[in-house]
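Residue numbers (my numbering): 1 to 933. From the three backbone atoms N, C-alpha and C, an ideal C-beta is built for every residue, glycine too.
Right under this line is the structure:
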């Protein structure tokens, strides 16, 4: 230990002796003792297999051979004694990984870290504020990027500061005896000088020797750097917010791109792999960044699918001039650009990055493409055991023999992440919360996400623009809801008898659809968002979730334990939802606070009515839960017995409530019959399961039709019980859901078949794939009804307000899956499925579909789409039997209460179901009691 450190120790000994606290000696003085990690740093739950141990040893050899004993630093590239603060952060992460992977012992770890921190503590700082951008690794002098000594230095990099602050956090967490030393170093730095207006600012020296502060960071790295700052109490809210960005379509994938490009800011807006990989292994991929990361991986796969060229792009050193390049998905308006920092193109040197391939492989261990590109580089080590090469040139197919601390450090960090069971290395990763909306712009190939979104995926939702709130208005508190108590005798699985198992491809689809319900789960209260970009839920959406839960369990996508935990949590949340007028669940809820909201997400403290259609969706799902998982019967019946049905079922028809405002400001409740074609029939069948007489709303009677493609398509029921002028249109969704859950009785089949036939005929006539549905998108009007017929026109796309949406027609992914499940031998349903099966994000679920006019993916993820896909896959393996199964338990709490009569809450008059499952020579289906023969 050098003299200066010894002197510091002596002074501390004296001070500590004077206050009589000997134990503080070991805490404050960084000495070579066993790390006293108070966390899971040493908890290796997924030990490296022998091949992975070889990878780790190979990467660690880089740092062994490039160690500078005089400073404790390592060379940023093989044999070149230079290093940035980013490189130093890489080394600290590698050193920590090496310790817990047993590549080095504690004595060597402590010797290396003591030397490193001693030198770092005494570094000369740029303007006595922050470390210079680069130092000579051999003597710790400030230098320029050519390693030439400079007395003043060349400035600082805020992103590099963020990188080393993240590494400091890992070291102090895993080796707490170094905490005070690190705190002292950070306290010496004037970190606040690199922050301005909530953003990160680097410093550069102008030709006239003046210092200029420049905003640093673009989408991906900016957020990562800001998280490092946040770990040490330096918030940078604008830097972590994702904005400003747009979505650019590349190889059929919408890629998030920072709008601050080279032309407008003199800084590159490159999209690369490494920022998302670092985010994933250190902080954990969450929210929008999880979606973005999956897209960045997916677009590289699609380039491979199109060109046959394995693709794993990120920034890398190369072994020839210009020595450092950004291999990008996108940069400054160009797809797949390979550029220098000065935006000079070098496409001939694009390479498959070793570190990127390692990162994607272990972040997405089930991804076949990530495994394929990993296999290409996993053994790309130098023959003299000096570490991993940076990659393979695409054009020449030769190794890029650059050896760097960045490549080898990231490999070690990734392998440590794997050994920890894929748990993020930094537990306190939630440095901030992003709003994550793309910037409003009119640039080509971009899509935008304004703030007003509807949370509803059922037909009578109307978007209400959000109310302007002050910037400092607190976000809703995420309330905690306890699950219902454990059920008395939980079953290991549902009692469904499957005809066969899922195929490998079908299982992949099912797992992808279930990802939606993993990514949008509120673990504190058990709810699921109706759509991924909106923190809200309707009862229809929660019914979708319950149906998806049942399908995922039946298909063995989730374990019995997860099914039970999620089901009990959802049932617990349903008991806590405020009821509109004390009667029924309202139209929408904030999934964080559980408080009522309108379809625009605006608070509605008194509620805004109820939807009989939403209630029907939930009643169908709850009925099937009781049938297939009878252990939840008592809990389910308790929930539905809390509701009052006096006004939702009136004179044999279903009615919904709305709230209107008088000019004087009074709120008035209006209850009107439901008339939405297909949805009314579906909801009515669900109510019949519970004994309600709703024959006036059940399928039957006469229907008006319109000629579409020479086919008579139903447009509305002919009725005299209401003069409702509700906007009518015909889409596939409700008829498909009805068919999957209740089967096709003769009356429903007479509606279902012409709807499908018209779409098939349009495809035959025009070549346009047609899967008409109500879908949710990420921009105005947010909800699009791609109709078969609407407002008197065929094939028109309408918003909820009934206005046409030019070029807005979508081919629905859910509709394609459902038609194929129901009509597997039909050539048109086969064409539909082939056109949509790849429209999923491995972390976020299936997209809503693609635009008919352009073929571009419709960006948006919903519970409705992913639930219908899971239900369609379950239908396939149930030998095409209706998903709703009958129960013989007529002694449950519900039926006991019905038998008592005079409930005061509008329960059915008799304790008998008003529908029954029957079979004929061709199929099984549910029919109304009045239709039985």
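Compute the Euclidean distance between the alpha carbons of residue 347 and residue 339, then round it to the nearest angstrom. Reading the chain shown from its first residue, position 347 is the one you call residue 347. Reading the chain shown from its first residue, position 339 is the one you call residue 339. Answer to the nearest angstrom: the Cα atoms are 8 Å apart.
Cutoff 6 Å; reference residue 60; Cβ partners in own chain excluding five residues on either side: Along the chain shown, read from residue 1 onward, the residue named residue 60 stands at position 60. Correct list, in chain order: 98, 103.
Using three-state DSSP, classify residue 296 as helix, strand or coil. Position 296 of the chain shown, counting from 1, holds the residue named residue 296. Here residue 296 sits in helix by DSSP.
Could you please give the first and the last residue of the uninterrupted beta strand (DSSP E) stretch that includes residue 926? Within the chain shown, residue 926 is the residue found at index 926, counting from 1. Note, residue 926: beta strand (DSSP E), 924 to 928.
Under 8 Å between C-beta atoms of residue 834 and residue 691: Your numbering for residue 834 matches position 834 in the chain shown. Your numbering for residue 691 matches position 691 in the chain shown. Not a contact, by the Cβ cut-off of 8 Å.
Per-residue burial, residue 197 [other beta carbons within 10 Å of its own, 16 or more giving buried]: Walking along the chain shown from the start, residue 197 turns up at place 197. The residue is exposed, with fewer than 16 neighbouring Cβ atoms inside 10 Å.
Kindly indicate which three-state DSSP category residue 132 falls into: helix, strand or coil? The residue labelled residue 132 in the question sits at position 132 within the chain shown. Coil, per DSSP.
Buried or exposed: where does residue 501 fall if 16 or more other Cβ atoms within 10 Å of its Cβ makes it buried? Within the chain shown, the letter at position 501 stands for residue 501. It is exposed - the Cβ of residue 501 has fewer than 16 other Cβ atoms within 10 Å.
Tell me which residues share the same chain as residue 144 and place their Cβ nearer than 6 Å to its Cβ, disregarding the 5 neighbours each side in the sequence. Residue numbering aside, residue 144 sits at position 144 when the chain shown is read from its first letter. Hits under 6 Å: 150, 154.
Buried or exposed: where does residue 91 fall if 16 or more other Cβ atoms within 10 Å of its Cβ makes it buried? Within the chain shown, numbered from 1, the residue matching residue 91 stands at position 91. By the 10 Å Cβ count, residue 91 comes out buried.
Measure the C-alpha to C-alpha separation of residue 860 and residue 532 and round it to an integer number of angstroms. Start at 1 with the first residue of the chain shown, and residue 860 comes out as number 860. Start at 1 with the first residue of the chain shown, and residue 532 comes out as number 532. Each residue's alpha carbon lies about 7 Å from the other.
CA nearest to the CA of residue 54, picked from 133, 337, 116, 415: Numbered from 1 along the chain shown, position 54 holds the residue referred to as residue 54. Of 133, 337, 116, 415, the residue nearest in Cα terms is 415.
Using a Cβ-Cβ cut-off of 6 Å (strictly less than) and excluding sequence neighbours within five positions of residue 658, which residues of its own chain qualify? Working through the chain shown from its first residue, we reach residue 658 at position 658. Within the same chain, residue 658 has close Cβ partners 609, 670.
Counting only runs that start and end within the region 606 to 638, where is the alpha helix (DSSP H) found for 4 or more residues in a row? For the region 606 to 638, whole alpha helix (DSSP H) runs of length 4 or above, ordered along the chain, are 612 to 628.
Is it true that the region 870 to 878 meets the region 847 to 857, where meeting means three or more beta-carbon pairs spaced less than 8 Å apart? Not touching, per the Cβ criterion.
Suppose contacts are defined by Cβ-Cβ distances below 8 Å. Is residue 865 in contact with residue 848 by that definition? Your numbering for residue 865 matches position 865 in the chain shown. Your numbering for residue 848 matches position 848 in the chain shown. It is a contact, given that the beta carbons lie within the stated cut-off.
Quick one, are the C-beta atoms of residue 840 and residue 405 less than 8 Å apart? Numbered from 1 along the chain shown, position 840 holds the residue referred to as residue 840. Numbered from 1 along the chain shown, position 405 holds the residue referred to as residue 405. Not closer than 8 Å, so no.
Candidates 138, 271, 557, of which the one nearest residue 76 by Cα: By one-based count along the chain shown, residue 76 stands at place 76. Measuring from the Cα of residue 76, the nearest candidate turns out to be 138.
By the 10 Å Cβ neighbour count, where 16 or more other Cβ atoms means buried, how is residue 745 classified, buried or exposed? Translated into positions along the chain shown, residue 745 becomes position 745. Residue 745 should be labelled buried.
Quick one: what's got a C-beta closer than 7 Å to residue 930's C-beta in the same chain, skipping five residues either side? For this step, residue 930 is matched to residue 930 along the chain shown. Apart from the 5 residues on each side of it in sequence, residue 930 sits with its Cβ closer than 7 Å to the Cβ of 695 in its chain, given in chain order.
Can you tell me which residues form a DSSP beta bridge with residue 785? Within the chain shown, residue 785 is the residue found at index 785, counting from 1. Bridge partners of residue 785: 774, 798.
If we ignore side chains and look at the alpha-carbon of each, how far apart do residue 527 and residue 574 end up? Numbered from its first residue, the chain shown carries residue 527 at position 527. Numbered from its first residue, the chain shown carries residue 574 at position 574. Whole-angstrom Cα-Cα distance: 9 Å.
Compute the Euclidean distance between the alpha carbons of residue 408 and residue 208, then round it to the nearest angstrom. Reading the chain shown from its first residue, position 408 is the one you call residue 408. Reading the chain shown from its first residue, position 208 is the one you call residue 208. Those two C-alpha atoms are separated by around 39 Å.
Under DSSP, the beta strand (DSSP E) around residue 353 begins and ends at which residues? For the purposes of this step, residue 353 is taken as residue 353 along the chain shown, with counting starting at 1. Residues 351 to 353.
Please tell me whether residue 643 and residue 584 are closer than 8 Å, where the distance is taken between their beta carbons. Here the question's residue 643 lines up with position 643 in the chain shown. Here the question's residue 584 lines up with position 584 in the chain shown. Their beta carbons are under 8 Å apart, which means residue 643 touches residue 584 by this criterion.
In angstroms, rounded to a whole number, what distance separates the CA positions of residue 772 and residue 763? Taking the chain shown and counting its residues from 1, one reaches residue 772 at position 772. Taking the chain shown and counting its residues from 1, one reaches residue 763 at position 763. Cα to Cα, the separation comes out at about 12 Å.
Can you tell me the Cα-Cα spacing of residue 635 and residue 484, whole angstroms? Taking the first residue of the chain shown as position 1, residue 635 is located at position 635. Taking the first residue of the chain shown as position 1, residue 484 is located at position 484. Cα to Cα, the separation comes out at about 8 Å.
Helix, strand or coil at residue 51 [DSSP, three-state]: Your numbering for residue 51 matches position 51 in the chain shown. Under the three-state reduction of DSSP output, residue 51 falls in the helix class.
Check for me: the beta strand (DSSP E) holding residue 272 runs from which residue to which? As a working note, residue 272 is residue 272 in the chain shown. Neither: residue 272 is in no beta strand (DSSP E) and is coded neither H nor E.
Exposure of residue 468, with buried meaning 16 or more beta-carbon neighbours within 10 Å: Here residue 468 refers to the residue found at position 468 of the chain shown. Note that residue 468 scores a pLDDT of 31, beneath 50, so its modelled location is shaky; the value from the coordinates is reported in the next line. Answer is exposed; the Cβ neighbour count stays below 16.
Would you grab the beta carbon distance between residue 819 and residue 798 for me? Rounded to a whole angstrom, and I think it's under 8 Å. Here the question's residue 819 lines up with position 819 in the chain shown. Here the question's residue 798 lines up with position 798 in the chain shown. Taking C-beta atoms under 8 Å as the contact rule, residue 819 and residue 798 fail to qualify, at a distance of about 21 Å.
Does DSSP put residue 841 in a helix, in a strand, or in coil? Position 841 of the chain shown, counted from the first residue, corresponds to residue 841. If DSSP states are grouped into helix, strand and coil, residue 841 belongs with the strands.
Measuring straight from C-alpha to C-alpha, what distance separates residue 615 and residue 511? As a working mapping, residue 615 is identified with position 615 in the chain shown. As a working mapping, residue 511 is identified with position 511 in the chain shown. The alpha-carbon of residue 615 is positioned some 28 Å away from that of residue 511.
Quick one: Cα of residue 611 to Cα of residue 656, how far? Against the chain shown, residue 611 aligns to sequence position 611. Against the chain shown, residue 656 aligns to sequence position 656. Roughly 5 Å between the two C-alpha positions.
CB-CB under 6 Å to residue 132, same chain, minus the five flanking residues each way: which ones, in chain order? By one-based count along the chain shown, residue 132 stands at place 132. Once the five neighbours on either side are set aside, the close Cβ partners of residue 132 are 126, 142, 153.
Which runs of the beta strand (DSSP E) at least 3 residues long sit entirely within the region 808 to 843? Give them in chain order. Complete beta strand (DSSP E) runs here, min 3: 810 to 812.
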